[in-house]
DNA sequence: TTGAAAGCGCTACCAA
DNA sequence: TTGGTAGCGCTTTCAA
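Protein chains in written order, with the working numbering: chain A, 1 to 360; chain B, 361 to 720.
#1: Buried or exposed, going by whether 16 or more other CB atoms sit within 10 Å of the CB of residue 519(B)?
#2: What does a CB cutoff of less than 6 Å around residue 324(A) pick up in its chain, not counting 5 residues either side in sequence?
#3: Could you tell me the distance, in whole angstroms, from the CA atom of residue 475(B) to the CA atom of residue 611(B)?
#4: Quick check on the DSSP output: the alpha helix (DSSP H) that includes residue 373(B) runs from which residue to which?
#5: Between 171(A), 132(A) and 67(A), which lies nearest to residue 152(A) when the distance is taken from Cα to Cα?
#6: Going by beta carbon distance, what residues of the same chain come within less than 8 Å of residue 382(B), once the five residues before and after it are set aside?
#7: Thinking C-alpha only, which one of 294(A), 296(A), 222(A) and 20(A) is nearest residue 47(A)?
#8: Rounded to the nearest angstrom, what separates residue 52(A) and residue 226(A) at their Cα positions?
#9: Just list the beta strand (DSSP E) runs in the stretch 546-600 of chain B, keeping only unbroken ones of 3 residues or longer that don't cross its boundaries, in chain order.
#10: For residue 425(B) and residue 118(A), what's the separation of their Cα atoms in angstroms?
#11: May I ask you to list, following chain order, the residues of the stretch 434-456 of chain B that have a beta carbon less than 7 Å from some beta carbon of chain A?
#12: Between residue 75(A) and residue 107(A), how many whole angstroms is the CB-CB distance? I'm expecting something under 8 Å.
#13: Which residues of chain B have a Cβ atom closer than 9 Å to the Cβ of residue 104(A), listed in chain order?
#14: Give the DSSP-derived three-state secondary structure of residue 604(B) in the structure shown.
#15: Indicate, with yes or no, if the ligand GTP has a heavy atom lying under 7 Å from the CB of residue 561(B).
#16: Around the C-beta of residue 86(A), are 16 or more other C-beta atoms found within 10 angstroms, so that it is buried, or is it exposed?
#17: Grouping DSSP H, G and I as helix and E and B as strand, with all else coil, what is residue 539(B)?
#18: Have a look at 394(B), 546(B), 464(B) and 534(B) and flag the residue whose alpha-carbon is nearest the alpha-carbon of residue 94(A).
#19: Is DSSP giving residue 330(A) helix, strand or coil here?
#20: Give the secondary structure of residue 629(B) by DSSP, where H, G and I count as helix, E and B as strand, and everything else as coil.
#21: So, is the C-beta of residue 121(A) closer than 8 Å to a C-beta in chain B?
#22: With DSSP run on the structure shown, which of helix, strand or coil describes residue 110(A)?
#23: In chain A, what lies closer than 8 Å to residue 419(B) by C-beta?
#24: Which residue marks the beginning of the alpha helix (DSSP H) containing residue 437(B), and which one marks its end?
#25: Count the other CB atoms within 10 Å of the CB of residue 357(A); is the residue buried (16 or more) or exposed (fewer)?
#26: Whose Cβ in chain A lies nearer than 8 Å to the Cβ of residue 477(B)?
#27: Can you find the residues in the same chain that come closer than 7 Å, C-beta to C-beta, to residue 458(B), ignoring five residues on each side of it along the sequence?
#28: Along the chain, where does the alpha helix (DSSP H) containing residue 666(B) start, and where does it finish?
#29: For a contact defined as C-beta to C-beta under 7 Å, what are the partners of residue 250(A) on chain B?
#30: At a Cβ threshold of 8 Å, is residue 289(A) touching chain B?
#31: Spatial neighbours of residue 440(B) within its chain, please: C-beta separation below 7 Å, excluding the five flanking residues on both sides.
#32: Measuring only between beta-carbons, confirm whether residue 296(A) sits less than 8 Å from chain B.
#33: For residue 56(A), collect the residues of the same chain with a Cβ closer than 6 Å to its Cβ; drop the 5 residues on either side in sequence, then sort them by chain order.
#34: Hey, could you find the ends of the alpha helix (DSSP H) residue 63(A) is sitting in?
#35: Quick check on residue 70(A): does DSSP put it in helix, strand or coil?
#36: Name the residue from 263(A), 38(A) and 125(A) whose alpha carbon lies nearest to the alpha carbon of residue 72(A).
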C-alpha cells in the first residue's frame, strides 16, 4: 500500500495455496469448464470470497485470446445523434458481455487512423467505425481486407468492402422534398453537411432529384455545404438567406444544421415557419424541444446501433460477409415547416388552392 | 484466416527471428528503454514495418502491470450534460496516452457495482465515477478504502472519503434564487431531480435558503422531485402548475427538467416567460437553442472533466489524497425568465415599482 | 476428480 | 551493445 508500483492484488495462486488445491482446480471451479468435487468447490469458493479474489482479465485475455471488448470510433460526441447511437450499441454490448472502448476522433482523419491501430493493438474483438471525414483511411482498408471484425456505421466509406449499417439517406432526402413540395414550397434551398460524405450526398441528391422530377429543379447556387454543427448551419444559413431572400424553405442535412438555420433566420427577422420553413435530418431528441419543434427525417437510431453490434458479433464468432444493411427513415412532421406565406395568403383569401397548379 | 479461433498475428518473436536478433533487442528498439546499435535498430525497424508488427498491448499490460486505460462510470449518456463531460475527459485522456472504457449504468445501482468490479478486474488504472442514484455502493466504498485511484465526478457520494470534483451547487441554487427575486418573483416553485442526490439537495437548499432570507420562504408543497429528464420535468411541472397556478416562476434542478417544465407550461396555456419564468441548471449546449433560450446556471463542464482526469492521474502516479475540488457556477441569463406579469403590468402603468413592497 | 506444466506475448533483470 | 530467461496471471492440454 506504500509503494506506488505494485497494486499486488491477490492472484489465483494465492487462492490455490489458501484452499490447498492446485491452480488448475481453482481455475476450473471458477470457470465451470470441468466438474469439480463438491467439497473442493466449496473450499475454493470460500477462499475466493474471503480473499475477495477477482481473476485478472488481462491475464485471462492473454491466455484465451479474447478481451470481451469492442472498439468504438466516433467522430463527434457533442452531436446528440452519436450519444443516442452509442447508447443503443452499449445496451447490446453489455447484454452480450462486452465492454466498449471509446475513441473520439473529432472527425480528424489522423486520429481515426491512430485509434484504429491502437484498438487493434489492444486486441479488441471488433470495431464499430463511425467516420466524420471523407478522407480515405488506409488502416481501415487493411483491416477490411484482412477481414478483421468490423462494421461501418452511419457514414458509408466509398469503395470499402465491409459490413455496414446505414440509414436510407437518399430516401430520406426524397421524403423531405416531397413534404416541402406538398406544402407548396417552390423556392427551396439546401444546406448539406461536410462535402464528400456519402450520407450528405445521398440526402442532398435525394432531395434535389425529387424536386427536379417534380419540375422545379433546385438551382445549384441554392445548395451549400458546411459542418455538421449548429454554428455551421447558422453561418451557411445566414449566407444563403442573404443571397436568396426569395427562399421559402430550407432542407438541412442534419438537425444541428437545422437548428443553426433557424437561428440565422431569426437574426434576419424571418420567423419560422411563418416566413421560412426548415427541415432537418436525424430526429435527435432535442429536435422536439427547440423553438418551433423541428420537422425532420428520422433515422432509426436504436435499430442502427443494435443491428451494428449484431453484425459485429456475427463476425466475431462466425463468418465474415460484407452485409450492407440499410434501415428506413421516416418523416416526422412538427412545427418548423408550413405552407409558404404566399400560398397561405391565397388560401386565406378563399378558394381551393392547388399551390402553383401546373397550368398556372 | 479460415479458422475462427486464431487471429495468430505476428509477434515479437517473429520480428526477432526475421531480423536475426533477440527478442530483448526488438523490445528495446521499440521502447527505447536502452540504446541500440544504429545498424540493428534499422534492421529491426525495417522488419517491423515489413511484417506490420504491432506489439500486443494485452501482453504488454500483463508484463508491465499497466493498461493505459481509465474506466468511466456514467449514469445517463442521453442527458447531454454527460457527453459534454465525457468529451472533456476524453481530451485529457487521449493527451495523456490513455483510453476510456465506457460503462453506462442507466442510473442503476446494481449496474454501478457490476461495472466497478469489472473495471477493476480489467485492471483499469483508475476510475472516474459519476453516479445517478443515491443508493450506497459497497464496492465503491471498498475501493476508496483501498485507495484505488478513483475520482468522483459531478455527483457527490455522502460519507465517502475520496477525491472528487463538483460544481458549487449550493451557490448555483443561490444564484438562481437571487435572479428570480430580483426580477420580482415572489411566488416560486422548485422542481428537484432524484431525491437524495447531493447535487439536488444542494441546489434546492441553496435556492430555498436564499428566498427564506429574503423574507419569502418557499412553502414546502411548492417543492417537488422527479427524474433528471424532460419527461420528468413535464410531469412534475404539470402537477405543480395545476396545484399552484399562482406560481410565476419555477427553478428546475437541471436543464432537462426545465425543458419539460416549459412544455408543461405551454400545454396549460401559459407562455414562457410571459406567464411563467423557468430557470434551469447545467447550461447544456441545447439550452441556448430551445424555445425561449433557457436562462440557467452554468456548470464549468470542461473544467470539471479535465480537473477530474488530472486528479486521477495524480493518484495513478503518486499519492492518494482525498482532495475535494469545487468549481464555481455562474448564471447565464437568456430568454426563459422575465419579470412576472403583475409587475410588468404595474410598470407599464407607470411609476416606480418595488415589487410587492414589504409594506403593501 | 485432480495436478503439472506448457504456453499466451511481452518486459526487464542479470550477464556477457 | 546484446541475449538468455524468469516472470506477469491466467487457461488448457495431458497424465495420473
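We put the CB at the ideal spot given by N, CA and C, even for glycine.
According to the data block:
#1: exposed
#2: 164
#3: In a straight line, the C-alpha of residue 475(B) is about 34 Å away from that of residue 611(B).
#4: 372-379
#5: 132(A)
#6: In the same chain as residue 382(B), and ignoring 5 residues on each side of it, the C-beta atoms closer than 8 Å to its own belong to 376, in chain order.
#7: 20(A)
#8: Spanning the two alpha carbons is a distance of roughly 55 Å.
#9: 548-552 and 583-585
#10: The alpha-carbon atoms of residue 425(B) and residue 118(A) are separated by roughly 18 Å.
#11: 437, 438, 440, 443, 444, 446, 447 and 450
#12: 4 Å
#13: 446, 447, 450, 451, 454 and 460
#14: coil
#15: Looking for the ligand GTP in the displayed structure turns up nothing, as the structure carries no ligands at all.
#16: buried
#17: Residue 539(B) falls in the helix class under three-state DSSP.
#18: 464(B)
#19: strand
#20: coil
#21: yes
#22: The DSSP-derived three-state label of residue 110(A) is helix.
#23: 62
#24: No alpha helix (DSSP H) holds residue 437(B); DSSP gives it neither H nor E.
#25: Its pLDDT being 38, under 50, residue 357(A) is placed unreliably by the model, and the measurement read from it follows with that caveat. Exposed.
#26: 54
#27: 428, 429 and 430
#28: That run of the alpha helix (DSSP H) goes 661-676.
#29: When 7 Å is used as the limit between beta carbons, residue 250(A) is near no residue of chain B, the shortest such separation being about 16 Å.
#30: yes
#31: 644, 645 and 646
#32: no
#33: Excluding five sequence positions before and after residue 56(A), none of the CB atoms of its chain fall closer than 6 Å to its own CB.
#34: 57-64
#35: strand
#36: Ranking the options by Cα distance to residue 72(A), first place goes to 125(A).
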